[in-house]
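S.K.: Quick one: structure below, then a few questions.
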Amino acid sequence: MSAPQVTTPDGVRWTIAPDATNLVADDALPTDTLALQRWLESGQADIVKTGPHRTVYRVRLPQMIVYWKRCRLLGIRGWLRQLLRPPKARMEFDRAQALRAKQIPTIEPIAWGTRHRLWPSESMLITRNCDGTHALREILEEQLPRLSGPEQAALRRMIACELGIFLAKLHQAGIVHPDLHPGNFLVKLPANGVPIFYLLDLHAIRMTGPLDWQSARANLVLFHRYFQLRASRADRARFWRSYRGHRSDWPQDPPLARQQALELETATAESNHRFWRSRKARCTGKNRYFQPIRSRIAHGFAVRDLDAAFLRTFAADPDAPFRDASNRVLKSGGASTVIEMMLPTPQGNRPVILKRFNMPHLVDGLKNLLRPSPALRSWIAGNALLDRGLPTARPLVMLHRRRFGLPTVGYLLCEKVADAVELPDAIPTRDPHTLRRRIDRLGQLLACMHDRQLAHRDLKAANLLMDSQEQFWFIDLVGMECDIAPSTERRLRDLTRLAVSFASDPRIRNTDRLRFLRAYFAWGLHGSAGWKSTWRTLADAVARKIDRNRKRGRVIA
-11 MSAPQVTTPD GVRWTIAPDA TNLVADDALP TDTLALQRWL ESGQADIVKT GPHRTVYRVR
49 LPQMIVYWKR CRLLGIRGWL RQLLRPPKAR MEFDRAQALR AKQIPTIEPI AWGTRHRLWP
109 SESMLITRNC DGTHALREIL EEQLPRLSGP EQAALRRMIA CELGIFLAKL HQAGIVHPDL
169 HPGNFLVKLP ANGVPIFYLL DLHAIRMTGP LDWQSARANL VLFHRYFQLR ASRADRARFW
229 RSYRGHRSDW PQDPPLARQQ ALELETATAE SNHRFWRSRK ARCTGKNRYF QPIRSRIAHG
289 FAVRDLDAAF LRTFAADPDA PFRDASNRVL KSGGASTVIE MMLPTPQGNR PVILKRFNMP
349 HLVDGLKNLL RPSPALRSWI AGNALLDRGL PTARPLVMLH RRRFGLPTVG YLLCEKVADA
409 VELPDAIPTR DPHTLRRRID RLGQLLACMH DRQLAHRDLK AANLLMDSQE QFWFIDLVGM
469 ECDIAPSTER RLRDLTRLAV SFASDPRIRN TDRLRFLRAY FAWGLHGSAG WKSTWRTLAD
529 AVARKIDRNR KRGRVIA
């Protein structure tokens, strides 16, 4: 039996789900787009998310809460695509009904509609609110950190295991979601503590037979990219054991399961590396996150969420903050000047850090034309660190003055890391337990930096900050190298530079240096074979670096 249809006065033809016909008949669910505009004006509706291709509204009706999704056509490509396939809203409507028929928790579709024309146009989908649910990303990034240690551990274990069961059920049912990430899951936490997951954004899902290992691995890699950067190995192992154990159509072969787990970890790391490389140029283009800025004297890039008036003023005279006596000077030298200033925002002024890269020699302008300038390298490296989930001050604006077409003096505006001190000041003198904990965290952080295809040739102690939560932060990123697979020599070069900073510090003993190597090389996972050779190599490199600096009259920092 065909689904009932209604056409509203604004020309939208709606297809109604069979169990929602009474809502439309009783006017409990007005489907006129004019009604949506009235709800927005009255505050009864608000925008949940928006973008060039779709906007999602939340509408509070007397009987229930619904979500209204408007799918737009972007350009000729989107128009031609809809000639060959149904509208996105219809695809999501049909797939939601198919998933519910398979007992897969997902959204409850109420109606979909499009304007009754002979050519493609925008489409709309109305779904019922899933009561008591939260976005999985919100649970993981906002609610979980606020729990106590034991509560965090219990919820993490529960989510890992239940996610494995949910995805095993999806894949065994032959369901493939091409955009599998935490943003496309809702989760309900009932009183019994067992999470219930709901699948979202269904228009592109495919339904086939039960997935074999190659197809399942490709889909799990998409899902795994987020968690490989944020979840512990133990939680990822819990997820895998749960997933593998609930694939009843696969042989329960422990050696094969271990081999598949290693394949999944390796393929996910490779996928993340490709993803990061593809995003490297994003911060130097025009998109929904970044924008080019230009004035009579300067060109550059900025994030989208800055005040337009501030950007115009700053680009017109980027040296004005350095002339303002109320701004605190943090560093002043021949190569650069750093100040702390206040940035106006809708929530009030907030402190930021502005660095000016001076141009002591005229030839530097030509160098900046032939290779990325220090300001541009810092801008790209800062965004590369954030993409990889590594802590650094968020870059907000990058500018270059122009002279005869050459980029000359550079400017970089970044957020300020609150309550942070430089690494040498973070070394406690009377609490060995705190020192060891911080050494372990620092070693693990630098291992992550190298594993995520980054290197830092100027990794001195002053270029690392530690905040009040004992989180380390990378700053001064001119020497950061992106999208490389650091060789052993390059890794040891970076570690040598950091070791030089503490070579004469009496608070750091050889046992502390060995503890750092143990954390960096993850002896608990990979073993400690060859550590004596590494120790001697680092000691020789540190001695050579110190001797070279002394001969050249350079201060050891």
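In this note's numbering, the protein residues as written are -11 to 545. No residue lacks a Cβ here, since even glycine has one placed at the ideal position from N, Cα and C. In this text the structure is predicted, and so the values were computed from the model without any measurement.
#1: Give the range of the beta strand (DSSP E) segment to which M347 is assigned.
#2: Go to V209, then tell me how far its alpha helix (DSSP H) extends in each direction, as first and last residue.
#3: Report buried or exposed for P280, applying the criterion of at least 16 other Cβ atoms within 10 angstroms of its Cβ.
#4: Buried or exposed: where does I544 fall if 16 or more other Cβ atoms within 10 Å of its Cβ makes it buried?
#5: Which residue or residues does DSSP assign as beta-bridge partners of P280?
#6: Apart from the five residues just before and just after R218, which ones in its own chain have a Cβ nearer than 8 Å to its Cβ?
#7: Expressed to the nearest angstrom, what Euclidean distance is found between the alpha-carbon atoms of R276 and P494?
#8: In this structure, how does DSSP classify I415 when only helix, strand and coil are distinguished?
#9: Cα-Cα, which of G39, C59, P40, G31 is closest to R46?
#10: Report buried or exposed for E458, applying the criterion of at least 16 other Cβ atoms within 10 angstroms of its Cβ.
#11: Among R134, R221, I95, which has the Cα closest to the Cα of A148?
#12: What are the boundary residues of the beta strand (DSSP E) that L400 is part of?
#13: Could you tell me how far apart the beta carbons of R503 and D428 are, in whole angstroms, since I believe they sit closer than 8 Å?
#14: Just verifying my parser: in three-state terms, what is the DSSP assignment at I92?
#15: Is it the case that the Cβ atoms of Y55 and T115 are separated by a distance below 7 Å?
#16: Which runs of the beta strand (DSSP E) fall wholly inside the stretch 446 to 479 and span at least 3 residues, in chain order?
#17: Evaluate R83 with the Cβ neighbour count: other Cβ atoms within 10 Å of its Cβ, from every protein chain shown; 16 or more gives buried, anything less gives exposed.
#18: What's the call for H438, buried or exposed, on a 16-neighbour Cβ count within 10 Å?
#19: What would DSSP say about G101, mapped onto helix, strand or coil?
#20: Report the option in T43, F263, H169, D528 whose CA atom is closest to the CA atom of E126.
#21: Beta carbon of G443, beta carbon of D500: below 7 Å?
#22: What are the start and end residues of the beta strand (DSSP E) that includes H388?
#23: Determine the burial state of D471: buried for a count of at least 16 other Cβ atoms within 10 Å of its Cβ, exposed for fewer.
#24: Under 6 Å Cβ to Cβ from R365, same chain only, skipping five residues before and after it: list those, please.
#25: What does the Cβ neighbour count give for F154, buried or exposed, with the cut at 16 atoms within 10 Å?
#26: When the Cα of D237 is compared with those of W228, N260, F263, W201, which residue comes out closest?
#27: Which of the three DSSP states is assigned to P339 in this structure?
#28: From the DSSP output, in three-state form, read off Q240 for me.
M.R.: In short, the structure shows the following:
#1: Numbered from its first residue, the sequence shown carries residue 347 at position 359. Per DSSP, M347 is not a residue of any beta strand (DSSP E), being assigned neither H nor E.
#2: Stepping through the sequence shown from its first residue, residue 209 is reached at position 221. 201 to 218 is the extent of the alpha helix (DSSP H) around V209.
#3: In the sequence shown, residue 280 corresponds to position 292, counting from 1. When all chains shown are included, P280 counts as exposed.
#4: As a position in the sequence shown, residue 544 is number 556, starting the count at 1. Exposed, by the Cβ-count rule.
#5: Mapped onto the sequence shown, residue 280 falls at position 292. By DSSP's assignment, P280 forms a beta bridge with F289.
#6: Translated into the one-based positions of the sequence shown, residue 218 becomes position 230. Cβ neighbours of R218 beyond the five flanking positions: L128, G377.
#7: The count along the sequence shown starts at 1 and reaches residue 276 at position 288. The count along the sequence shown starts at 1 and reaches residue 494 at position 506. Taking the straight line joining both Cα atoms gives about 50 Å.
#8: For the purposes of this step, residue 415 is identified with residue 427 of the sequence shown, where counting begins at 1. I415: coil per DSSP, three-state reduction.
#9: Here the question's residue 46 lines up with position 58 in the sequence shown. Nearest Cα to R46 within the set G39, C59, P40, G31: G31.
#10: On the sequence shown, position 470 is the one that residue 458 refers to. Classified as exposed, E458 has fewer than 16 neighbouring CB atoms from the shown chains inside 10 Å of its CB.
#11: Within the sequence shown, numbered from 1, the residue matching residue 148 stands at position 160. The shortest C-alpha separation from A148 is found at R221.
#12: One-based indexing of the sequence shown puts residue 400 at position 412. Here the beta strand (DSSP E) through L400 covers 394 to 403.
#13: Taking the first residue of the sequence shown as position 1, residue 503 is located at position 515. Taking the first residue of the sequence shown as position 1, residue 428 is located at position 440. Right, the Cβ-Cβ distance comes to about 7 Å (below 8 Å), so this counts as a contact.
#14: In the sequence shown, the residue the question calls residue 92 occupies position 104. Coil at I92, not helix or strand.
#15: Along the sequence shown, read from residue 1 onward, the residue named residue 55 stands at position 67. Along the sequence shown, read from residue 1 onward, the residue named residue 115 stands at position 127. The answer is yes: Cβ separation under 7 Å.
#16: 452 to 454, 460 to 462, 468 to 470, all fully within the stretch 446 to 479.
#17: Locating residue 83 in the sequence shown gives position 95, counting from the first residue. Its Cβ being crowded by 16 or more others within 10 Å, R83 is buried.
#18: Within the sequence shown, the letter at position 450 stands for residue 438. Flag for H438 reads buried.
#19: If you number the sequence shown from 1, residue 101 lands on position 113. G101 falls in the strand class under three-state DSSP.
#20: Indexing the sequence shown from 1 puts residue 126 at position 138. The shortest C-alpha to C-alpha distance from E126 to any of T43, F263, H169, D528 is the one to H169.
#21: The count along the sequence shown starts at 1 and reaches residue 443 at position 455. The count along the sequence shown starts at 1 and reaches residue 500 at position 512. Note that residue 443 corresponds to Ala in the displayed sequence, not to Gly. Cβ atoms of A443 and D500: not closer than 7 Å.
#22: Numbered from its first residue, the sequence shown carries residue 388 at position 400. From DSSP, the beta strand (DSSP E) with H388 extends over 383 to 391.
#23: For the purposes of this step, residue 471 is taken as the residue at position 483 of the sequence shown. Counting Cβ neighbours within 10 Å, D471 comes out exposed, since fewer than 16 surround it.
#24: Counting from 1 along the sequence shown, the entry for residue 365 is found at position 377. The residues are V466.
#25: Along the sequence shown, one-based indexing puts residue 154 at 166. Its Cβ being crowded by 16 or more others within 10 Å, F154 is buried.
#26: As a working note, residue 237 is residue 249 in the sequence shown. When each option's Cα is compared against that of D237, the closest is W201.
#27: Taking the sequence shown and counting its residues from 1, one reaches residue 339 at position 351. Three-state DSSP puts P339 in a strand.
#28: Here residue 240 is taken as the residue at index 252 of the sequence shown, counted from 1. Q240: coil per DSSP, three-state reduction.
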